[in-house]
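I have placed the structure first, in the form of structure tokens, so that the comments after it can refer back to it.
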Amino acid sequence: MLSSKVIHVDGVFLGTAIMCGSLNTLRFYATHESVRALHNACMPDFGALYAQVKSLFNRSRLLTPQPA
Numbered sequence: 822m823l824s825s826k827v828i829h830v831d832g833v834f835l836g837t838a839i840m841c842g843s844l845n846t847l848r849f850y851a852t853h854e855s856v857r858a859l860h861n862a863c864m865p866d867f868g869a870l871y872a873q874v875k876s877l878f879n880r881s882r883l884l885t886p887q888p889a
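My numbering applies: residue 822 is where the sequence shown begins, and numbers increase by one.
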């Protein structure tokens, strides 16, 4: 592992983007259940990975019932 970046949205830690040196890509390590579908997903750049994670997280918040 060469380096990594934490991914969080609105203060919620969602996972880590890990640079894979041999493939020159980023692999996502999901820690939050709402983005588990992207666990181990590989993308060429951080912006694309962050956009996917943020979109999935925001979509899950819309579908989750809020307490009354």
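Ideal Cβ positions, reconstructed from N, Cα and C, are used throughout, including at glycine.
Assigned exposure category for residue i - 16 Cβ within 10 Å defines buried
i, result
"residue 858", "exposed"
"residue 851", "buried"
Residues near residue i by beta carbon distance below 7 Å, same chain, minus five either side
i, result
"residue 867", "826, 838, 847"
Rounded separation between residue i and residue j - CA only
i, j, result
"residue 833", "residue 884", "17 Å"
"residue 831", "residue 869", "18 Å"
"residue 845", "residue 865", "7 Å"
"residue 863", "residue 849", "6 Å"
Cut-off 8 Å between Cβ atoms - residues of its own chain near residue i, not counting five sequence neighbours on either side
i, result
"residue 878", "830, 833, 835, 853, 855, 856"
"residue 880", "none"
Counterpart residues of residue i in DSSP-defined beta bridges
i, result
"residue 876", "None, per the DSSP bridge assignment."
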